[in-house]
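Have a look at the structure below before the remarks.
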Amino acid sequence: MRAVALIAFATLATACRASLPPPSLPLNRTAEAPKYATRPTPLEEIDGPKPAPIVQQKLDNGLTVFVVEQPGVPLTSIGYINRAAQEFQDAEDRPIGLASMTASALLEGTAIDEDTIIEDLRIAGRRPYAFAFEDGTFAGVTVGERGFSTAVAMIARMVRTPALGATHLADASSGVVRAFPRQKSALRTRMRRLLFERWYGATHAWALEPKALKEVASELTPVDIRKYHRTVFIPRHSAVVLNGAITATAAFALVERHFGDWSDDPGEPLRDSQRFVQREHDDAVTFLLPADEEDATVMAGFTAPPFGHGDMHAVHILAQILGGPLTSRTQVRLRHERGLTYSAGATYTPHKNAGYVELAAAVDNDEVASVATLIRAEVRRVRSEGVGAEELRAAKAAYRRTYSLQDPDAATIQLGLAFCSGRDAAWFEAVDAAIDAITAEDVERVAKKYVPEHVDLVLAGDAKAFDGLKVAGVVNLIQ
Amino acid sequence: MFAVGLLALQLAAPLPPYELGNGLRVVLHPDDFSTDVAVLVRYDVGRAHDPDGYENLAHLVEHLTFTGTKHLPGLAMAKTLAELGGDFNAHTLHDHTRYFVTAPARELPVMLWIEAERMAFALESFDAAKVEREIAVVAREQDERKRIYGPWIYSDAHALIAEAEYPPGHLYARGHSLANEADGITLANVQWFFQRYYRPDNATLVITGNFDPERARTLVADYFEAIGRPPAPVPRDVVDRVLFRGRGRVRVRSWLSLLPLRHLVWHLPCDDTEDRAIAYVAHAVLEHRLRNELANDTRTRFRLDLGDRGNHLVMALTLGGHVVGPSLDERERAVQRVLVELWEAGPDRAELVPMSVSAQTDWLLEYRTLHTRAQRLATSRAHPPPDLLAIQERMKSVTVEDVRQLFAHWIRYDRMLVADEVLELSRGRSANRIDVEELDDFRFVVGDKRR
Numbered sequence: 005m006r007a008v009a010l011i012a013f014a015t016l017a018t019a020c021r022a023s024l025p026p027p028s029l030p031l032n033r034t035a036e037a038p039k040y041a042t043r044p045t046p047l048e049e050i051d052g053p054k055p056a057p058i059v060q061q062k063l064d065n066g067l068t069v070f071v072v073e074q075p076g077v078p079l080t081s082i083g084y085i086n087r088a089a090q091e092f093q094d095a096e097d098r099p100i101g102l103a104s105m106t107a108s109a110l111l112e113g114t115a116i117d118e119d120t121i122i123e124d125l126r127i128a129g130r131r132p133y134a135f136a137f138e139d140g141t142f143a144g145v146t147v148g149e150r151g152f153s154t155a156v157a158m159i160a161r162m163v164r165t166p167a168l169g170a171t172h173l174a175d176a177s178s179g180v181v182r183a184f185p186r187q188k189s190a191l192r193t194r195m196r197r198l199l200f201e202r203w204y205g206a207t208h209a210w211a212l213e214p215k216a217l218k219e220v221a222s223e224l225t226p227v228d229i230r231k232y233h234r235t236v237f238i239p240r241h242s243a244v245v246l247n248g249a250i251t252a253t254a255a256f257a258l259v260e261r262h263f264g265d266w267s268d269d270p271g272e273p274l275r276d277s278q279r280f281v282q283r284e285h286d287d288a289v290t291f292l293l294p295a296d297e298e299d300a301t302v303m304a305g306f307t308a309p310p311f312g313h314g315d316m317h318a319v320h321i322l323a324q325i326l327g328g329p330l331t332s333r334t335q336v337r338l339r340h341e342r343g344l345t346y347s348a349g350a351t352y353t354p355h356k357n358a359g360y361v362e363l364a365a366a367v368d369n370d371e372v373a374s375v376a377t378l379i380r381a382e383v384r385r386v387r388s389e390g391v392g393a394e395e396l397r398a399a400k401a402a403y404r405r406t407y408s409l410q411d412p413d414a415a416t417i418q419l420g421l422a423f424c425s426g427r428d429a430a431w432f433e434a435v436d437a438a439i440d441a442i443t444a445e446d447v448e449r450v451a452k453k454y455v456p457e458h459v460d461l462v463l464a465g466d467a468k469a470f471d472g473l474k475v476a477g478v479v480n481l482i483q
Numbered sequence: 022m023f024a025v026g027l028l029a030l031q032l033a034a035p036l037p038p039y040e041l042g043n044g045l046r047v048v049l050h051p052d053d054f055s056t057d058v059a060v061l062v063r064y065d066v067g068r069a070h071d072p073d074g075y076e077n078l079a080h081l082v083e084h085l086t087f088t089g090t091k092h093l094p095g096l097a098m099a100k101t102l103a104e105l106g107g108d109f110n111a112h113t114l115h116d117h118t119r120y121f122v123t124a125p126a127r128e129l130p131v132m133l134w135i136e137a138e139r140m141a142f143a144l145e146s147f148d149a150a151k152v153e154r155e156i157a158v159v160a161r162e163q164d165e166r167k168r169i170y171g172p173w174i175y176s177d178a179h180a181l182i183a184e185a186e187y188p189p190g191h192l193y194a195r196g197h198s199l200a201n202e203a204d205g206i207t208l209a210n211v212q213w214f215f216q217r218y219y220r221p222d223n224a225t226l227v228i229t230g231n232f233d234p235e236r237a238r239t240l241v242a243d244y245f246e247a248i249g250r251p252p253a254p255v256p257r258d259v260v261d262r263v264l265f266r267g268r269g270r271v272r273v274r275s276w277l278s279l280l281p282l283r284h285l286v287w288h289l290p291c292d293d294t295e296d297r298a299i300a301y302v303a304h305a306v307l308e309h310r311l312r313n314e315l316a317n318d319t320r321t322r323f324r325l326d327l328g329d330r331g332n333h334l335v336m337a338l339t340l341g342g343h344v345v346g347p348s349l350d351e352r353e354r355a356v357q358r359v360l361v362e363l364w365e366a367g368p369d370r371a372e373l374v375p376m377s378v379s380a381q382t383d384w385l386l387e388y389r390t391l392h393t394r395a396q397r398l399a400t401s402r403a404h405p406p407p408d409l410l411a412i413q414e415r416m417k418s419v420t421v422e423d424v425r426q427l428f429a430h431w432i433r434y435d436r437m438l439v440a441d442e443v444l445e446l447s448r449g450r451s452a453n454r455i456d457v458e459e460l461d462d463f464r465f466v467v468g469d470k471r472r
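Respectively, the protein sequence lines represent chains B and L. Numbered according to our numbering, the first sequence spans residues 5 to 483. Numbered according to our numbering, the second sequence spans residues 22 to 472.
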């Protein structure tokens, strides 16, 4: 016998609501005391670990090595970074998906002794990762003390001698399939691409829509992947980062042992991609009509300088002021004052040759027009109004965390980003002081320089929201 | 073996927990690794405590505590936290709500001051306008969570399955819904709820990171000892451990179930160092075996989670993948083959060591991050904080037989709940519902811990 019960989901709850008791009085049961009325002073400086120095060396074959000693929990992060990635994909001989497929193929086995990464994993105890992004390709793993030597050897074999056979490629295509954004998270990526298309043209790598998985898998051959790997995965385009509970001496010795004999093949010079160009913005509104969204998203954006540019830190702080912490301007306007959104956020993404700032909020379809107006107004206001000391402190504090070396995985990514953009350890170690030195005037200057008077918007929502916007001059509708 | 110069330091164990005179439980876990300190306050109240018809009340109260207090009006608390230069956030979970902040170690007094302020002086600053506004914000948050996480992480389907894992009336059978039913909640409702649950004898304060324990004790006493508690005793939950007998099946109809997914759920009666250490290694073994078993089928995708619910663990396997490919039944049969091997023989000795290392590494990753370590230590007041180091140590000596026994007794086909997700797009969110098909021999068993 099979008993079947149907449980209705959240429909009758309100109808069944019984009265709750009133609160008891007095509401508060804690006596007032001076200690509660005044912010306490910080403790004296704690005698803790000092920020770990970054040690940088270059092997004879051109491979850059960064080591960060972090005494403590017995974990070490090993990361490999290659400067070539998706920016290579905008030419006819470099089809879209090549960098991602190659990164994914790194995980499918090595050519030495028919070995596989899975077998290495059995010794190291951890699964490695590999992915490509706009400025580079990352591969790495975090291991405990028992797996460290094996893990360095494993990463070396992964990047130097991947198998790249037809079977491996088929498996890799599955990995790419799995990595593609699914469901709701893809929406913002698509919206962002529409901004890039507007600024840089439809053929720019950032503006291209990822092809369907099937096409990626069917168009790329092992020959393509091997050629790409042979010409791009060479020491001079590469860096290794070791961060964690290991001495610099031991770390350099391990890297020398497993990467030192990597041939310095001349390879192929890295192609220069889109240089930063500050675009004219013209209050364009693009409306995306997704079929499966019950809520709307409002996104504003503008072009900004590339990684390492002299204005980079100030623009980061500007973005934090616009939409960083809970007390940022957009959060205050949209959430705290009006209850229109849960998270309105601004991020500045500086890539190797160009960057952008985006400000986005998820809202109800009924509120698209009003939120779009409010966001535009906030972006314009940051051009014209001064920056307060309080918001500057909060923005600096939030931004400074980005460069903390205490989380080895995050630090590996940050060092990798710096390497991809041609920066070194000295640049990284100067970041803290550079952030400290940013003044309200600096932020106001970059606001005037980069924030456009006319702000491009991409909106996504339902037909009702679109109808409400027609009168506001929507110029482009994408189904 | 190549010689490696390691800089690993001795991991520290938490100090024995203690209570203040007003009932606040305090857990201190100092170490020297970090320049930061984390403060976490856990209240033993969550979504499961929302009264019928007042869904999201617990979540709403969490939001309101950031909207101003007596001494930190308006956004002053949020601004102070933002300026500390660390992370801060709050989560309303199923059975508890937690507030945490991580900041440079010298800011410990400010962090404690803020949490004391929240506990003692937030209530009197709530007002009707704030309640109305935060109801809208909470609704937006619920919607955003569905958009961001999707079916593999958390969805209405997961919530409905969690309800089906417990008999009616059980604490864990309540409060999983992501429905937005906060409309109509009044200021008086919020005040009553806060008074009932936000009290020192219903809370646990955890401090982890770089701090001097004696200094911390003094600061905790300074800021928290004077916080009053209501005369009525705190409402305590009796949370029975619920295990399965037989194979249950449910079908979840959800507007978000775009691909066919099958969830296999096991409850494990693991609540001490010994059992937890074995379960973590078993989880790593099963994930490894599944990855190998399913490696030839590139169209199948899976996710294996091990959740901690205080007196038991929940192993949940989600199976899915391309529509074109093996059926869910075929995919499940592949899992069955793996499980039978593990029931009968346990893991290979050669695979046990790396999987134990893998589990230890996962554990250390949590330990290394201050706020995740604090979350582990902030258990319900019904349970002592776990001895993190003892679990780590025990994982090193888990045997093949330990793991085999765990599978043989608890991760079985006749002690499992199966949940299939079915798309019902036509009616939008109102389509979300669950059909419970209780197979003949399926029943809940309360309190069994025999292995």
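Glycine included, each C-beta is placed from N, C-alpha and C at the ideal position.
Discussion item. For L258(B) and V289(B), I'd like the C-alpha separation in whole angstroms.
Written reply: 54 Å
Worksheet entry | C-beta atoms of R164(B) and W266(B) nearer than 8 Å | yes
Discussion item. Check this for me: beta carbons of F428(L) and A303(L), under 8 Å apart or not?
Written reply: In this structure, A303(L) lies closer than 8 Å to F428(L) by Cβ.
Worksheet entry | Span separating the alpha-carbon of T207(B) from that of D370(B) | 34 Å
Worksheet item: Checking contacts by CB at 8 Å: is S401(L) closer than that to chain B?
Response: Under the Cβ criterion of 8 Å, S401(L) is not counted among the residues facing chain B.
Practice prompt. Establish whether the CB of P75(B) and some CB of chain L are separated by less than 8 Å.
Written response: Answer yes: the Cβ-Cβ gap between P75(B) and chain L drops below 8 Å somewhere.
Worksheet item: If you measure from the beta carbon of V378(L) to each beta carbon in chain B, is any gap under 8 Å?
Response: For V378(L), the nearest beta carbon of chain B is closer than 8 Å to its own beta carbon.
Discussion item. Can you tell me which residues form a DSSP beta bridge with W287(L)?
Written reply: M336(L)
Discussion item. Counting only beta-carbon separations shorter than 8 Å, does E260(B) have a partner in chain L?
Written reply: Output row for E260(B): interface = no.
Discussion item. Give me the residue from F470(B), Q61(B), R21(B), S28(B) with the minimum Cα distance to T253(B).
Written reply: Q61(B)
Worksheet item: Thinking just about the alpha-carbon of each residue, which of V263(L), A160(L), T113(L), T239(L) is nearest to the one in A185(L)?
Response: V263(L)
Worksheet item: Does the pairing of the segment 132-146 of chain L with the segment 81-93 of chain L give three or more beta-carbon distances under 8 Å?
Response: Cβ pair count under 8 Å is three or more, so yes.
Worksheet item: Measuring CA to CA, which of P309(B), P166(B), D315(B) is closest to K231(B)?
Response: P166(B)
Item to complete: Consider the Cβ of V462(B): report whether some Cβ of chain L lies at a distance smaller than 8 Å.
Response: Residue-level contact check: V462(B) does not touch chain L, since none of the beta carbons of chain L fall below 8 Å from its beta carbon.
Worksheet item: From the beta carbon of G190(L), is the nearest beta carbon of chain B less than 8 Å away?
Response: no
Discussion item. For A89(B), which residues in the same chain have their Cβ closer than 7 Å to its Cβ, ignoring the five residues on either side in sequence?
Written reply: A103, A136, F137, E138, D139, G140, T141
Worksheet item: Rounded to the nearest angstrom, how far is the Cβ of V131(L) from that of R43(B), given a contact under 8 Å?
Response: 6 Å
Worksheet item: Are the beta-carbon atoms belonging to H498(L) and R394(L) less than 8 Å from one another?
Response: Because chain L is modelled from 22 through 472, residue 498(L) falls outside the range shown and cannot be assessed.
Discussion item. Within 10 Å of its beta-carbon, does Y39(L) have 16 or more other beta-carbons around it, so buried, or fewer, so exposed?
Written reply: exposed
Worksheet item: With burial defined as no fewer than 16 other Cβ atoms inside 10 Å of the residue's Cβ, what is the status of H404(L): buried or exposed?
Response: Counting Cβ neighbours within 10 Å, H404(L) comes out exposed, since fewer than 16 surround it.
Item to complete: Using a Cβ cut-off of 7 Å, pull out every chain L residue sitting near H340(B), in sequence order please.
Response: L96
Fill in: Endpoints, alpha helix (DSSP H) assigned at G420(B)
412-424
Worksheet item: What is the DSSP secondary structure of K62(B), reduced to helix, strand or coil?
Response: strand
Discussion item. Am I right that V48(L) and V227(L) are in contact with their C-beta atoms under 8 Å? What's the rounded C-beta distance?
Written reply: 5 Å
Worksheet item: Exposed or buried, what is E49(B) when buried is set at 16 or more other beta-carbons lying within 10 Å of its beta-carbon?
Response: By the 10 Å Cβ count, E49(B) comes out exposed.
Discussion item. DSSP three-state label for N369(B), please.
Written reply: helix
Worksheet item: Which of the three DSSP states, helix, strand or coil, is assigned to T207(B)?
Response: DSSP places T207(B) in coil when its eight states are reduced to three.
Worksheet item: Between T400(L) and R425(L), what straight-line distance do the alpha-carbon atoms span, to the nearest angstrom?
Response: 28 Å
Fill in: Closest Cα partner of D258(L) within the set G331(L), P281(L), P290(L), G230(L)
G331(L)
Worksheet entry | Residues of its chain near R266(L), where Cβ-Cβ distance is below 6 Å and the 5 sequence neighbours each way are ignored | R464, V466
Worksheet item: R240(B) and G66(B) look like a contact to me (Cβ under 8 Å); what is the Cβ gap, rounded to whole Å?
Response: 4 Å
Discussion item. Buried or exposed, going by whether 16 or more other CB atoms sit within 10 Å of the CB of R202(B)?
Written reply: buried
Worksheet item: Would you call Q324(B) buried or exposed, if buried means 16 or more other Cβ atoms sit within 10 Å of its Cβ?
Response: By the neighbour-count definition (other C-beta atoms within 10 Å, threshold 16), Q324(B) is a buried residue.
Practice prompt. Reducing DSSP to helix, strand and coil, say where G205(L) ends up.
Written response: coil
Worksheet item: Hey, would you say A474(L) sits closer than 8 Å to V273(L), going by beta carbons?
Response: Because chain L in this structure spans residues 22 to 472, residue 474(L) falls outside the shown range and cannot be described.
Worksheet item: Which chain L residues are close to A414(B), counting only those with a beta carbon under 7 Å from its beta carbon?
Response: Neighbours of A414(B) on chain L: none; closest Cβ ~10 Å, over 7 Å.
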